[in-house]
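To keep things clear, I will list the structure first and then write my remarks on it.
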Amino acid sequence: MNRFESGNEDAVINFDPRTKLMLLLIINTVIISDSKSPLISGLKIVFVILVLFFLIDMKKIKMSVIYVSIYLLAVVGDYILVSGSISGISAGGLILRIVVYLVERMLPNMMMAWFVLHTTKVSEFIAAMQKMHFPQTITIPFAIIFRFFPTLADEYSSIQDAMKMRNISLKTNVISGIEYRMVPLIVSVTKIGDELSAAAMTRGLTTEGNRTSYCKIGFSLQDYAAFTVIAISIMFFVIGLIRG
Amino acid sequence: MSTAVKELKMNTAVAEENGKMTVKDLITIGIFTVLYFVIFFISAMTGMVPIMAIFYPALIAFLAGIPCILFFTKVKKFGMVTIMATLSAVLLALMGYGYMGIITGLILGLIADLILKSGQYKSSVKMIISYVVFSEWVIGTQLPMFIGGNAYAEAFRETQGDAFVDELEKLISWGMCGIVIVTTLVAAIIGALIGKAVLRKHFERAGIV
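Protein chains in written order, with our numbering: chain A, 34 to 277; chain B, 377 to 585.
Below you can see the structure in the form of structure tokens.
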């Protein structure tokens with residue numbers, strides 16, 4: 034339960050976990066809003082570029098390129114749909130709409146969430162939540178949730194391989210296909226949960242009282258800069274919503 | 377035995393007796409929230425088809441039966457279902473399913489917890505009833521649609537297309553909301569029964585209940 038996954042040691046950006054959570058929240062809220070206000074559209078572009086900047090800072094060049102290309106393709110798709118060269122009711126137009134909608138609303142959020150997951154250690158996250166006076170009943174499930182998505186994907190792909198070897202496919206028999214995927218997945222996930230509980234105990238999570246942490250949590254100049262950006266963004270977002 | 381280990385065991389024992397949640401319970405909540413979230417997300421994707429944009433709560437209630445019934449058998453403390461429902465709702469609000477779900481998640485999670493508690497966390501029937509109540513929270517993610525009516529659907533004309541919006545407008549009404557609640561109820565009962573059967577067939581044998 035050490036790191037969510039290995040981060041980059043020589044990255045320029047080194048935010049406090051609280052700052053990252055705030056950024057995640059504001060970027061999410063803005064990107065999923067359906068408002069057509071020009072102010073909010075501008076804000077969306079700024080955030081898309083900001084997320085790109087975070088990815089580049091992590092030295093994930095390949096990922097950044099893929100992210101930007103998919104997003105730009107979606108923008109082009111959006112433009113084609115608005116210009117009306119493809120009918121929105123035709124099958125092609127409908128599929129294009131769905132893809133564009135998903136990419137524009139989800140991709141930047143997912144990339145931001147990925148950035149937060151890959152640059153935050155679990156112990157940093159727990160220490161930060163404790164500083165914000167969140168009770169353990171919220172902190173621990175949240176930490177588990179964040180840590181678990183990659184694990185779940187790994188487990189599922191192994192099970193998928195095993196089922197392929199046994200010729201149990203979702204296409205031939207949906208019911209047994211679902212059963213033979215879900216049951217092993219749940220079994221392995223519960224086993225991992227037991228292991229995590231043991232690990233948590235050795236780390237002293239079960240004891241009462243405030244924990245001390247090896248991780249240094251605190252705001253630096255970077256964090257204050259980020260907070261300024263967040264404050265300005267909230268202002269723009271609210272003005273955009275009011276003006277419509 | 378060192379004093380630290382003794383103390384730890386005592387703490388855990390005290391927590392068990394008080395009915396306070398232990399870290400193990402919290403980890404269980406986290407794991408099953410993830411499983412539930414994934415099932416929710418896959419099912420809700422079918423909402424791209426107008427009819428499923430109305431009926432996805434039923435699909436979720438049906439598919440989530442297996443993991444949720446296993447989770448409910450692991451629940452032995454008051455509040456675990458509430459936390460799970462609320463956390464799922466918060467995660468889904470972040471994905472764009474609206475903030476109304478957090479309220480329904482909190483309220484219905486609490487009721488589900490109360491039902492489980494009234495059965496001393498042992499009664500199978502209470503467990504199924506509790507799961508049915510819990511499943512209905514998903515309607516909360518649709519409430520903005522039923523409250524806003526056609527104005528809500530119009531907002532999607534740009535992004536989702538005319539065909540989608542026209543179909544959706546035909547479907548939105550409070551009567552439809554009632555139908556969704558009933559279908560979700562039925563689907564949840566079926567899902568819970570399947571969950572029970574799978575529990576007996578696989579999980580009890582594997583010793584993970």
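We put the CB at the ideal spot given by N, CA and C, even for glycine. These numbers were taken from a predicted model, which means no experiment stands behind them.
Proximal residues of chain B, C-beta to C-beta of residue i below 7 Å
i        : result
A/Asn61  : Leu470
A/Val132 : None at all; the shortest Cβ gap to chain B is about 10 Å.
A/Ile173 : Val399, Leu402, Ile403 and Gly406
Inter-residue Cα distance where the pair is residue i and residue j
i        : j        : result
B/Val508 : B/Gly516 : 14 Å
B/Ile565 : B/Ile555 : 15 Å
A/Asn35  : B/Ile505 : Note that A/Asn35 scores 43 on pLDDT, short of 50, meaning its location in the model is unreliable and no value can be drawn from it.
B/Leu519 : B/Ile584 : 37 Å
B/Ala461 : A/Lys53  : 25 Å
A/Ala231 : A/Ile171 : 19 Å
B/Lys502 : B/Leu446 : 14 Å
B/Leu467 : B/Gly395 : 27 Å
A/Ile131 : A/Asp49  : 36 Å
B/Leu486 : B/Thr458 : 5 Å
B/Ala465 : A/Ala124 : 33 Å
A/Asp227 : B/Leu463 : 21 Å
B/Thr404 : A/Asn47  : 31 Å
B/Leu490 : B/Phe438 : 22 Å
A/Glu137 : B/Gly567 : 34 Å
B/Tyr497 : A/Phe260 : 46 Å
A/Asn200 : B/Ile570 : 24 Å
A/Leu76  : A/Phe270 : 8 Å
A/Ala107 : A/Leu135 : 9 Å
A/Pro168 : A/Lys197 : 44 Å
B/Phe454 : B/Met397 : 8 Å
A/Ala283 : A/Ile272 : Residue 283 of chain A is absent from the structure shown; chain A starts at 34 and stops at 277.
B/Ala527 : B/Lys572 : 42 Å
CB contact flag (residue i, residue j, <8 Å)
i        : j        : result
A/Asn142 : A/Asn206 : no
A/Thr239 : A/Ala233 : yes
A/Ala160 : A/Ile250 : yes
A/Phe182 : B/Gly406 : no
A/Ser266 : A/Ile73  : no
A/Arg51  : A/Met165 : yes
B/Leu484 : B/Phe448 : no
B/Cys553 : B/Phe510 : no
A/Leu129 : A/Gly110 : yes
B/Val410 : A/Leu185 : yes
B/Ala488 : B/Gly477 : no
A/Thr153 : A/Met91  : no
A/Met145 : A/Tyr100 : no
A/Leu203 : A/Gly210 : yes
B/Glu545 : B/Ala531 : no
B/Leu402 : A/Ile103 : no
A/Ser156 : A/Cys248 : yes
B/Val574 : A/Val216 : yes
B/Ile427 : B/Leu547 : yes
DSSP state of residue i mapped onto helix, strand, coil
i        : result
B/Lys577 : helix
A/Lys53  : helix
A/Lys154 : strand
B/Tyr528 : helix
B/Phe474 : It should be pointed out that residue 474 of chain B corresponds to Gly in this sequence rather than to Phe. Coil at B/Gly474, not helix or strand.
A/Cys248 : coil
A/Asp67  : coil
A/Arg45  : For the record, residue 45 of chain A in the displayed sequence is Val; it is not Arg. Of the three classes helix, strand and coil, the one that applies to A/Val45 here is coil, per DSSP.
A/Arg236 : coil
A/Met34  : Because A/Met34 sits at a pLDDT of 38, beneath the cut-off of 50, its placement in the model cannot be relied upon, and the point is left open.
B/Thr398 : coil
A/Met165 : coil
A/Arg199 : coil
A/Met91  : coil
A/Asn206 : coil
A/Gly125 : helix
A/Glu241 : coil
A/Gly40  : Confidence at A/Gly40 is low in this model, with a pLDDT of 48, below 50, so its placement is unreliable and the value that follows should be read with caution. Three-state result, A/Gly40: coil.
A/Ser253 : coil
B/Phe454 : coil
Which listed residue (the options) has its alpha carbon closest to that of residue i
i        : options                                   : result
A/Ile113 : A/Leu238, A/Ile103, A/Ile208 and A/Val133 : A/Val133
A/Asp194 : A/Tyr213, A/Gly226 and A/Pro183           : A/Tyr213
B/Gly441 : B/Ala582, B/Leu561 and B/Glu580           : B/Leu561
B/Gly551 : B/Gly485, B/Met476, B/Ile459 and B/Gly525 : B/Gly525
B/Glu587 : B/Val541, B/Gln496, B/Gly455 and B/Ile479 : Nothing can be reported for residue 587 of chain B, as the shown portion of chain B is limited to 377 through 585.
A/Leu56  : A/Lys69, A/Phe80, A/Val101 and A/Met196   : A/Phe80
A/Trp147 : A/Leu88, A/Tyr104 and A/Lys92             : A/Leu88
Contact set between residue i and chain A, taken where Cβ atoms lie within less than 7 Å
i        : result
B/Lys650 : Because residue 650 of chain B is not part of the residues shown, which for chain B are 377 to 585, the question remains open.
B/Ala582 : Val220
B/Met409 : Note that residue 409 of chain B is Thr in the sequence shown, not Met. Per Cβ cutoff of 7 Å: Pro174 and Ile178.
B/Leu446 : Ile219
Chain A residues whose Cβ lies nearer than 9 Å to that of residue i
i        : result
B/Ile442 : Ile211, Glu212, Met215, Val216 and Ile219
B/Leu463 : Ile171, Pro174, Phe175 and Ile178
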